[in-house]
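Numbering (the UniProt record's numbering), first residue to last: 1 to 684.
Presented below is the structure to which this report refers.
Pasting the structure below:
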């Protein structure tokens with residue numbers, strides 16, 4: 001297969017609920033309104049064909065410097081650097097480059113393009129030396145630009161480029177394309193404005209040896225800004241003193257440019273300042289974050305893995321490489337180990353001196369986790385999130401018992417009642433942290449207890465032992481609590497509970513009842529939790545992730561819950577099993593459960609149970625329950641209208657966790673699980 005066919009074969013058939021054909025049709029319809037093609041390159045309406053024709057006669061000057069980039073690759077940064085260099089460090093230069101591109105006619109209204117002054121005409125009025133910026137691919141660049149002027153091409157790693165491009169254009173995109181997964185598809189399919197990133201970057205990369213073209217990387221500016229400024233100055237024929245280079249370096253850091261931009265309103269007026277610093281208003285600011293590696297806060301693990309495969313296919317044999325993150329560097333300086341770490345325009349220096357001057361600072365695990373968390377989550381401080389959570393908890397009737405937070409469905413009176421709950425010797429208790437396979441194992445256990453027959457009591461589907469399943473705090477008193485419903489149930493009972501081991505009915509330890517604890521890897525668990533409860537909450541996954549990491553979830557810490565039962569795994573009446581092991585060997589897991597429950601079932605019964613408790617088998621059973629029992633059946637299979645069965649996959653977390661979230665989670669997980677002897681499969 002050719003590369004295009006290989007890429008197409010890698011893409012999922014459905015993206016954000018749309019088939020590839022549907023996305024292609026929507027893209028075509030959108031292009032008819034806002035884009036057109038020239039030599040196979042998709043151009044936006046702000047680059048009309050009349051401008052492309054007019055550029056053929058645009059007069060290029062010998063002292064011009066043309067700054068070319070793919071969109072969102074550091075255009076304003078490198079143009080600012082070039083302008084300071086051309087003007088020998090002075091800041092009184094013409095800033096036309098901030099208000100237009102050579103080929104662009106800036107207007108948010110397609111109907112006004114022809115009546116708006118195009119960029120090339122504005123640049124005609126600029127005095128020499130001109131800094132002219134453009135996004136044109138090499139195939140559309142004027143031949144005279146390369147022959148007569150100097151060209152500086154700045155390339156940025158495509159992951160950061162795409163995230164920045166997405167954030168800038170999202171407010172003006174049709175609803176379908178405001179989803180990052182769909183935006184990625186545009187990139188893979190070569191449907192981006194100004195064409196394929198690969199074609200654009202490689203077009204100039206192939207010309208890197210031309211004496212008038214300087215090919216630079218955005219990431220190299222971050223690694224050595226002063227050295228990069230010297231390289232640009234040499235390319236444009238400017239021999240600047242160290243003082244001037246230092247001055248320019250200070251002015252073109254991210255902070256320096258932001259300080260300059262902040263003064264534009266006073267200098268140019270509000271309207272012109274907005275035009276210079278934003279594309280189409282305050283939601284489309286040009287200067288966003290300017291970081292290397294920020295893509296990790298947007299790309300999910302799954303998206304990153306797919307991207308890497310496609311990137312490898314397209315870049316094979318080109319010898320062009322990018323930094324997708326900036327690494328630390330270590331060196332010896334004056335007898336000390338020095339570590340340099342880059343963060344935007346700031347360089348952090350850590351010194352590790354001789355032993356006598358080292359001060360040990362000990363932090364407990366909770367403090368270490370707090371220190372790992374970013375200062376802002378979705379633009380909110382930790383204090384703001386605490387306040388939002390407290391307000392939401394109060395509204396939803398949440399309360400705290402022995403340091404553990406519970407929702408209104410678990411009243412303290414229920415916990416008190418469990419202290420005298422009568423446990424039977426033939427009971428089977430299934431304990432889980434929420435969203436860990438509760439209904440799946442409940443179904444398996446019921447089939448085992450009833451020798452493969454399906455005519456068992458399904459009370460377990462609508463009740464948790466400690467819960468009162470009401471729709472809201474005001475309805476709790478009128479609903480029968482779970483422990484009372486289970487008390488009236490005939491033996492053998494399959495009883496579901498999310499209780500921590502410290503809240504279980506005490507008789508569990510004195511009777512011969514069997515316990516099964518099901519643990520699920522926490523990444524999949526939290527994604528499942530988020531997806532089933534997000535309708536009732538306005539919080540994003542990022543905020544739920546924060547609550548999990550800082551142990552502010554209902555039912556308390558996942559770690560405390562799971563490890564509480566893990567530490568009792570040698571109790572002969574407790575079977576500790578993992579959700580992932582059910583996926584790896586469902587038949588073997590059924591046999592293990594049957595043995596634990598004292599049931600010796602023939603192979604044909606095991607096989608029948610196996611067929612019924614696959615994800616597809618359970619979906620079929622649940623559908624029959626809804627059809628046969630109507631509203632009662634829906635109460636069994638759903639919670640507040642949301643199906644209990646969602647995906648039932650191992651590794652689905654990769655479609656939700658960003659790369660940065662996954663890395664942070666892994667650090668916290670390692671801290672909390674160290675020395676426990678318990679590990680999980682995060683994919684199968």
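Note that the Cβ used here is the ideal one computed from N, Cα and C, for glycine as well.
Run through DSSP, which three-state label would residue i get?
i           : result
residue 66  : strand
residue 173 : coil
residue 299 : coil
residue 763 : Residue 763 cannot be examined here, being either before or after the span of the chain that is shown, 1 to 684.
residue 138 : helix
residue 429 : strand
residue 83  : helix
residue 406 : strand
residue 41  : strand
residue 118 : coil
residue 399 : strand
residue 234 : helix
residue 591 : helix
residue 449 : helix
residue 655 : helix
residue 326 : coil
residue 378 : coil
residue 570 : coil
residue 291 : coil
residue 708 : The structure shown has nothing for residue 708, since the chain only spans 1 to 684.
residue 166 : helix
residue 90  : coil
residue 58  : coil
For residue i, decide whether its Cβ has a neighbour in chain D, counting only Cβ atoms nearer than 8 angstroms.
i          : result
residue 62 : Of the protein chains in this structure there is only one, and it is not chain D.
If we ignore side chains and look at the alpha-carbon of each, how far apart do residue i and residue j end up?
i           : j           : result
residue 63  : residue 122 : 17 angstroms
residue 101 : residue 379 : 32 angstroms
residue 218 : residue 250 : 17 angstroms
residue 79  : residue 92  : 14 angstroms
residue 292 : residue 202 : 21 angstroms
residue 540 : residue 546 : 10 angstroms
residue 408 : residue 398 : 5 angstroms
residue 514 : residue 662 : 36 angstroms
residue 351 : residue 372 : Confidence at residue 351 is low in this model, with a pLDDT of 44, below 50, so its placement is unreliable and the value that follows should be read with caution. Those two C-alpha atoms are separated by around 20 angstroms.
residue 119 : residue 104 : 5 angstroms
residue 243 : residue 376 : 37 angstroms
residue 363 : residue 369 : 10 angstroms
residue 259 : residue 72  : 20 angstroms
residue 625 : residue 528 : 23 angstroms
residue 497 : residue 560 : 16 angstroms
residue 236 : residue 95  : 19 angstroms
residue 659 : residue 596 : 40 angstroms
residue 749 : residue 14  : An answer regarding residue 749 cannot be provided, because it is not within the stretch 1 to 684 covered by the chain.
residue 192 : residue 665 : 33 angstroms
residue 416 : residue 465 : 12 angstroms
residue 347 : residue 247 : Here the model assigns residue 347 a pLDDT of 46, short of 50, so the residue's position is not dependable and the matter cannot be decided.
With a Cβ-Cβ cutoff of 8 angstroms, do residue i and residue j count as a contact?
i           : j           : result
residue 526 : residue 428 : no
residue 187 : residue 162 : yes
residue 410 : residue 326 : no
residue 136 : residue 68  : yes
residue 576 : residue 519 : yes
residue 86  : residue 113 : no
residue 74  : residue 221 : yes
residue 229 : residue 245 : yes
residue 176 : residue 18  : yes
residue 523 : residue 302 : no
residue 152 : residue 252 : no
residue 463 : residue 432 : no
residue 138 : residue 46  : no
residue 195 : residue 254 : no
Can we say the segment 46 to 58 touches the segment 134 to 147, given the rule of at least three CB pairs closer than 8 angstroms? yes
Three CB pairs or more closer than 8 angstroms across the segment 639 to 649 and the segment 519 to 532: yes
Output the residue ranges of the alpha helix (DSSP H) runs that lie fully inside the segment 611 to 636 and measure 4 residues or longer, sorted by chain position. Listed in chain order, the complete alpha helix (DSSP H) runs (minimum 4 residues) inside the segment 611 to 636 are 615 to 629.
Below 8 angstroms, can you find three or more Cβ-Cβ pairs linking the segment 599 to 611 to the segment 434 to 453? yes
Whole alpha helix (DSSP H) runs in the segment 178 to 225 with 4 or more residues, listed along the chain? Taken in chain order, the complete alpha helix (DSSP H) segments of 4 or more residues contained in the segment 178 to 225 are 180 to 188, 197 to 205 and 218 to 223.
Cβ contact check for the segment 220 to 227 and the segment 168 to 186: 3 or more pairs under 8 angstroms: no
Evaluate the contact criterion for the segment 6 to 24 versus the segment 303 to 323: three or more CB pairs, one atom per stretch, below 8 angstroms. yes
Whole runs of the alpha helix (DSSP H) within the segment 479 to 564, excluding any shorter than 4 residues: Qualifying alpha helix (DSSP H) stretches, in chain order: 482 to 487, 522 to 533 and 541 to 549.
Could you check whether the segment 386 to 406 touches the segment 578 to 595, counting it as contact only if at least three pairs of C-beta atoms, one from each stretch, sit closer than 8 angstroms? These segments do not touch.
Are the segment 484 to 501 and the segment 613 to 623 in contact at 8 angstroms, needing three or more beta carbon pairs? no
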